[in-house]
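Data first, discussion second: the structure below is written as structure tokens.
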Amino acid sequence: MNIQDATLKVQSFISSEFLVEFGNEINAKTDLFEDEIIDSFGFIELITFIETEFDVKLSDDDMASPEIGSVAGIVDIIVSRRSEAG
């Protein structure tokens with residue numbers, strides 16, 4: 048899976064689950080928590096999606112990392128985990 052495909056899948060999930068539209072205001076570097084797009088319940092949904100869709104296991108460090116707060120960071124984590132598995 049390439050970075051572009053992973054980014055589109057994550058953005059699509061976030062758009063449909065949290066009813067946001069990516070564009071000028073919200074982009075891959077937007078902090079999803081700071082901008083109140085995702086709350087603690089949404090975080091659980093997001094983690095479940097990532098682990099299921101991309102067949103990766105996120106560590107506690109991954110979930111506490113500031114990277115998990117943006118689509119770009121999430122994709123970096125996914126790519127990193129998949130390359131470790133692979």
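Numbering (our numbering), first residue to last: 48 to 133. Even glycine gets a Cβ: it sits at the ideal position worked out from N, Cα and C. All figures in this text were calculated on a predicted structure; none of them were measured in a lab.
Go ahead and pull the three-state DSSP assignment for G116.
helix
State the DSSP-derived secondary structure class of E43, mapped to helix, strand or coil.
Residue 43 lies beyond the stretch modelled for the chain, which goes from 48 to 133, so this question has no answer here.
For A53, the three-state DSSP class (helix, strand or coil):
helix
Nearest to V103 (by Cα), restricted to the options G70, A132 and I61:
V103 has its Cα closest to that of A132, out of G70, A132 and I61.
Taking DSSP as the reference, what is the three-state secondary structure of S106?
S106 falls in the coil class under three-state DSSP.
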